C-alpha cells in the first residue's frame with residue numbers, strides 16, 4: 003500500500019543513485035536489523051535488501067521520491083511518500099531506522115530545518131522505550147580529508163553544513179547530543195568506508211582491544227581502498243588513525259543504536275559528555291548485538307575468531323624505521339618461504355614467534371606481493387634504509403636478494419594497475435623523477451665535458467707529432483723507423499722461404 007502524505011517529489015529517485023549518493027545498503031548494516039524489531043519505520047532511502055527479512059506487515063517505509071515509492075511497493079508493506087515534516091507526530095513505532103542519515107528525509111519544497119529539528123521530527127515517531135538506528139556522516143572523516151573537490155549532485159540543493167551550531171561536532175558531541183535528547187546509546191560504531199554502504203563497523207569495545215590491531219587494520223585498509231583519484235592515500239591515513247587511537251574520530255560515518263527513555267522529557271538535560279557504561283537494563287538489551295561487523299560477518303568479544311597480532315607490514319616497516327636489517331631479513335625470509343608468500347604484507351597477521359603468520363586473503367603471485375610491499379615502502383618514505391635510488395622493480399630485486407633469491411629488476415613482473423591515484427603520491431613521484439633527471443643531466447654534462455677535454459688533448463698531441471715530424475731529427479727518426487720496419491719484413495720473408503724449402 004502506497005500513501006502520499008505531502009511533499010512528495012515527482013520524477014525523483016534516491017534509490018537509483020543518479021541524483022546523489024547511493025542508498026544505505028550492505029551486509030554490515032543488515033546485520034544490525036535482526037528481528038524482532040516490532041513495528042518499524044524505515045525513514046529515508048534504504049536498499050530493499052536491508053529489511054527484506056522483516057515481516058512486511060510490521061514495516062513502514064518513508065521515501066520522498068515517487069519513483070522510489072513505486073519501486074518499493076509490495077504486498078503487506080506500507081510505503082509513505084513525502085517529506086518527514088508531513089508525517090503525523092504520533093509515537094507509533096517500536097523501532098525507527100534512519101541508517102542513511104537525516105539529510106534526505108525532507109523534500110526540496112520543505113522549509114529549512116536544523117539538524118536538531120529534523121531529529122526531533124524523527125523521534126516524534128518513536129515510542130518511549132523504542133530503539134533508534136541512526137547513521138551520521140562525519141564531515142571531517144577520512145573520506146573528506148582525501149577527496150578531490152566533487153561535482154555538485156542534483157540533491158545538493160542543501161548540503162551538510164559543518165558550520166551549523168545545531169549539528170553535533172565530532173563523535174563525542176554526537177553522543178552528548180543524543181543523551182540530552184533522552185536517548186541511551188547502546189552501541190555506537192565507526193563505519194568504513196562510507197555512510198551509504200559500510201563494509202566495516204567497529205565499536206569502541208573492539209577498538210580498545212590492542213591484540214586485534216592487525217586484523218582490524220587489514221579490514222579497514224581493504225574497505226577504504228579508493229575507486230577513484232584522491233588527494234592522498236586513504237589507506238595510510240585510515241590505518242594510521244587506527245594505530246593512534248583515532249579510528250572513531252576520523253571514521254567516515256557513525257552508526258548509533260540507541261533506546262529512547264520511557265520518559266524522554268525527564269531524561270533531557272546536560273548529561274555526560276560520553277556515556278561509556280550503560281546501565282544493567284541496557285546491558286541486557288545488548289545481547290546479540292555485535293561489537294563489530296566486518297564484511298557482513300558479526301564479531302563479538304571476547305571470542306572474536308579473528309587472529310590476534312599486528313600485520314606483517316607493520317613489523318616490516320617498524321624494522322625499516324629502526325634500520326634493523328637482521329630482523330627485516332628474517333621477516334622477509336619467513337614470509338617468502340612460507341605458504342603466505344603471495345599474500346600482501348598488509349593482509350597477513352603475525353600471531354607469534356617465530357613469525358607465525360595467518361593470511362587473511364588467498365595467496366597470489368609472490369613477486370607481485372613483494373612488489374606491492376616495495377611500492378608501500380617507497381610511497382611511505384621508508385626507502386631510506388637502502389642507499390640506492392631505484393624504482394619499485396629495483397627495490398623488489400633488492401628485497402628478494404635479502405631472502406636469498408637472485409633476481410634482476412627486468413625479471414620483476416609489472417604490478418597491477420591501481421584503480422585510483424593519490425595526488426600526493428603523484429607529486430612525490432614527480433619530485434623523485436625531477437631529482438633523478440637532475441642527477442642524470444649532471445652526469446651527462448660531466449661526461450660531455452670529459453669527452454671534450456680528452457678530444458682537445460688528443461688534438462694537441464697530434465699537432466705536436468706533426469711538428470716534430472717536420473724537423474731534421476724527426477725526419478731522420480722517421481727514416482730509421484721506416485728502415486727498421488723494411489728490414490723486419492725482409493727477415494720475415496727469408497724465414498718463410500727457408501721453412502718452405
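Residue numbers (this note's numbering): 3 to 503.
Cβ coordinates follow ideal geometry from the N, Cα and C atoms, glycine included.
Note that the structure is a prediction, hence the values are computed from the model and not measured.
Leaving out the 5 sequence neighbours to the left and right, which residues in its chain are closer than 6 Å to residue 63 when beta-carbon positions are compared?
-> 44, 74 and 81
In chain order, what residues of the same chain lie with their CB nearer than 7 Å to the CB of residue 2, ignoring the 5 residues before and after it?
-> Lying outside 3 to 503, the shown extent of the chain, residue 2 is not represented and no answer is given.
Length at least 3, wholly inside the stretch 63-116: the beta strand (DSSP E) runs in chain order = 80-84 and 95-100
With 16 as the cutoff for other CB atoms within 10 Å, does residue 452 come out buried or exposed?
-> exposed
How would you label residue 467, buried or exposed, when you count the other beta carbons within 10 angstroms and need 16 or more for buried?
-> The residue in question, residue 467, is exposed, as its Cβ has fewer than 16 Cβ neighbours within 10 Å.
Measure the C-alpha to C-alpha separation of residue 167 and residue 175 and round it to an integer number of angstroms.
-> Pairing residue 167 with residue 175, the inter-Cα distance amounts to about 11 Å.
For the alpha helix (DSSP H) that residue 340 lies in, which residues bound it at each end?
-> No alpha helix (DSSP H) holds residue 340; DSSP gives it neither H nor E.
According to the Cβ coordinates, are residue 311 and residue 345 closer than 8 Å?
-> no
Residue of 382, 362, 405 and 448 minimising C-alpha distance to residue 329 = 405
Cα-Cα separation, residue 427 to residue 259 = 38 Å
At what residues does the beta strand (DSSP E) containing residue 7 begin and finish?
-> 4-8
Check residue 2 in the structure and name its three-state DSSP category.
-> Nothing can be reported for residue 2: it is not among the residues displayed for the chain, which extend from 3 to 503.
Can you name the residues that DSSP bridges to residue 137?
-> Beta-bridge annotation (DSSP): residue 137 is paired with 257.
State the Cα-Cα distance for the pair residue 480 and residue 497, rounded to the nearest angstrom.
-> 26 Å
Starting from the N-terminal side, write out each stretch of the alpha helix (DSSP H) that is 4 residues or longer and does not extend beyond the stretch 301-381.
-> 314-323, 327-338 and 368-381
Spatially closest choice to residue 195 from 204, 494, 473 and 188, by CA coordinates = 204
Which residues bound the alpha helix (DSSP H) around residue 504?
-> Since the first residue of the chain shown is 3 and the last is 503, residue 504 is not available in this structure.
Beta-carbon proximity list for residue 150, same chain, < 7 Å, skipping 5 on both sides | 231, 232 and 233, listed in sequence order.
Per DSSP, residue 239 is paired with what?
-> Beta-bridge pairing links residue 239 to no other residue.
What residue from 242, 89, 324 and 78 has the CA that sits closest to residue 144's CA?
-> Out of 242, 89, 324 and 78, 242 has the C-alpha closest to the C-alpha of residue 144.
Straight-line Cα distance separating residue 436 from residue 261 | In a straight line, the C-alpha of residue 261 is about 58 Å away from that of residue 436.
Run through DSSP, which three-state label would residue 156 get?
-> Coil, per DSSP.
Does the beta-carbon distance from residue 573 to residue 300 come in below 8 Å?
-> Residue 573 is absent from the model: the chain starts at 3 and stops at 503.
Give the DSSP-derived three-state secondary structure of residue 524 in the structure shown.
-> Since the first residue shown for the chain is 3 and the last is 503, residue 524 is missing from the structure and cannot be characterised.
Expected contact under 8 Å - CB spacing of residue 255 and residue 217 to nearest Å = Contact flag wrong, Cβ pair sits at about 21 Å.
Buried versus exposed, by CB contacts within 10 Å (16 or more), residue 448 = exposed
With 16 as the cutoff for other CB atoms within 10 Å, does residue 483 come out buried or exposed?
-> exposed
Does DSSP classify residue 286 as helix, strand or coil?
-> Below a pLDDT of 50, predicted positions are generally treated as unreliable, and residue 286, at 35, falls in that range; the measurement from the model is reported next regardless. Note: residue 286 maps to helix in three-state DSSP.
Evaluate residue 113 with the Cβ neighbour count: other Cβ atoms within 10 Å of its Cβ, from every protein chain shown; 16 or more gives buried, anything less gives exposed.
-> exposed
Since residue 148 is in the alpha helix (DSSP H), which residue starts that stretch and which ends it?
-> From DSSP, residue 148 is part of no alpha helix (DSSP H); its letter is neither H nor E.
Inter-residue spacing [alpha-carbon to alpha-carbon] between residue 122 and residue 38 = 25 Å
Endpoints, the beta strand (DSSP E) within which residue 42 is located = 42-45
When 354, 364, 334 and 353 are compared against residue 373, the one with the closest alpha-carbon = 334
Relative to the alpha-carbon of residue 200, which residue among 249, 106, 296 and 92 has its alpha-carbon at the smallest distance?
-> Among 249, 106, 296 and 92, the Cα nearest to that of residue 200 is on 296.
List the DSSP bridge partners of residue 442.
-> Answer is none; residue 442 lacks a bridge partner.
In its own chain, which residues sit with a C-beta less than 8 Å from the C-beta of residue 107, not counting the 5 before and 5 after it?
-> 45, 46, 64, 66, 85, 86, 100, 120, 123 and 124
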